[in-house]
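So the structure is just underneath, and the comments pick up after that.
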């Protein structure tokens, strides 16, 4: 089994390098282009985005803006931030945080454009429900080659939204913190399999209930957990306030260290930051517009302002808190700690020796919410490739993948997600850049630019 995992990991490492450079060009280059043509106006309207978040539209079709953002944050805040940041620092050191911040700011503008398009260019199914997301703004906005791009995106999406990372890291966290073998010694492998089965059963109860069921759960759980995590993180940082300035100094000095030992040197460090920020906020990947495309918003740019809050909250806020705690704890200096294990150890060290137990409760809620959210993405991708009515059959594949993902190595899981996200980002960024004129036209009509 080990040799099989090694072969898979080597293959993934072979193809991820060229994909990374394409993704770097499209997301960073494309994001800068979108920032220029929008005159960075969306970034100046963050407060307006928060106001719109709580404003209700009178519509019997779709979900509220708050529910859409909550569902998106359920997929990004949590293991994508808490475990993803650990992996980033493990691979690239403290300086990787700077490049995550840069990517997040650029990503916020990308989110504005993509979520605006998701509302401006969307369709309806036979029952009158909205059909939104990259697949639909590609086919409706790009007449000639929009369909091939949409198929490309949807096929990659079937893999990219599998619960590989979440199931893997959740399972590993329980093994490391709770040590179930001390109660019943059946081996880590069997415990991982058992935990995977339990998650499968729990997830099934919600995801087969459809969109309304998912957003009802996530809109209730996620805001509470985000606030609690923020308060816990702030308490830890205040308790260690004396070393916070030197920690920031270390982060910035390492970010521009051209003699770094990171594989690939300085640009290798930058790529790690971009990859992890993309995974953290999903900016440019095209997943968030699938939920935002179901919103009751009448104007695309209104939904765009709400959508861009995602990278601000999950990467700029949550990732920064997580990263500072990991660096201050010094746990990142231990080479055998990676992923969620590193985060758990950092919290244990800085919160009276039992911070890992508190964190595992939080990531359990975050992780399970993520399992609920990602299933819907897959349903919409599969529904586009077949028919919207058949999309629900993807859930069968999805719940089976939870069990398989629980026993894979973290290296394979990360590599698989990176490849799939890159393959999704390429057609999505091409479409966003091509269709950006749709968004800028609405911005001019509203005298924003």
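Numbering (our numbering), first residue to last: 2 to 450. The beta-carbon is built from N, C-alpha and C at its ideal position, and this holds for glycine as well.
Here's the rule I'm using: 16 or more other beta-carbon atoms within 10 Å means buried, otherwise exposed. How should residue i be labelled?
i	result
residue 112	buried
residue 193	buried
residue 11	exposed
residue 165	buried
residue 381	buried
residue 123	buried
residue 237	buried
residue 209	exposed
residue 255	buried
residue 337	exposed
residue 349	buried
residue 15	exposed
residue 447	exposed
residue 262	exposed
residue 190	exposed
residue 100	buried
residue 355	exposed
residue 296	buried
residue 82	buried
residue 97	buried
residue 367	buried
residue 37	exposed
residue 40	exposed
residue 346	buried
residue 333	buried
residue 455	Since the displayed the chain opens at 2 and closes at 450, residue 455 lies outside it and no answer follows.
residue 33	exposed
residue 188	exposed
For residue i, report the span of its alpha helix (DSSP H) as first-last.
i	result
residue 271	266-282
residue 82	80-93
residue 154	147-161
residue 48	47-54
residue 351	341-351
residue 369	356-386
residue 193	189-208
residue 407	395-408
residue 319	Premise fails: residue 319 is in no alpha helix (DSSP H) and is neither H nor E.
residue 254	245-256
residue 174	165-179
residue 302	301-308
residue 37	31-38
Bridge partners for residue i per DSSP, in chain order?
i	result
residue 427	According to DSSP, which records beta bridges pairwise, residue 427 is partnered with nothing at all.
residue 125	131
residue 296	64
Since residue i and residue j should fall inside the 8 Å C-beta cutoff, what is the C-beta to C-beta distance between them, to a whole number of angstroms?
i	j	result
residue 327	residue 84	In fact, because the Cβ distance is near 11 Å, the residues do not count as touching under 8 Å.
residue 282	residue 316	5 Å
residue 234	residue 322	4 Å
residue 360	residue 344	7 Å
residue 229	residue 444	With a Cβ gap of about 37 Å, residue 229 and residue 444 do not count as contacting.
residue 396	residue 376	6 Å
residue 1	residue 426	Here the chain has residues from 2 to 450 only, and residue 1 is not among them.
residue 379	residue 158	7 Å
residue 74	residue 223	5 Å
residue 1	residue 30	Nothing about residue 1 can be reported from this structure: the residues present for the chain run from 2 to 450 only.
residue 219	residue 71	5 Å
residue 169	residue 411	6 Å
residue 64	residue 216	5 Å
- Contact between the region 267-278 and the region 103-118: three or more CB pairs below 8 Å? yes
- Message: Does the region 399-417 come into contact with the region 152-170, if we say contact requires no fewer than three beta-carbon pairs (one atom in each stretch) closer than 8 Å?
- Response: yes
- Message: Any contact between the region 322-339 and the region 237-256? By contact I mean 3 or more CB pairs, one from each, below 8 Å.
- Response: yes
- Task: Count the CB pairs spanning the region 305-312 and the region 114-122 that are closer than 8 Å, and state whether there are at least three.
- Result: With a cut-off of 8 Å on Cβ pairs, the region 305-312 is in contact with the region 114-122, counting three or more such pairs.
- Looking at C-beta atoms only, is the number of pairs between the region 411-424 and the region 195-206 that lie closer than 8 Å three or more? no
- Message: Tell me whether the region 134-154 and the region 63-82 touch, counting them as touching only if at least three CB pairs, one residue from each stretch, are closer than 8 Å.
- Response: no
- Query: Are the region 150-157 and the region 427-434 touching, with three or more C-beta to C-beta distances below 8 Å?
  - Reply: yes
- So does the region 39-50 actually touch the region 125-138, counting three or more Cβ pairs closer than 8 Å? no
- Cβ contact check for the region 89-97 and the region 290-302: 3 or more pairs under 8 Å: no
- Tell me, please, whether the region 383-392 touches the region 357-372 by the rule of three or more beta-carbon pairs shorter than 8 Å. Too few Cβ pairs lie closer than 8 Å, so no.
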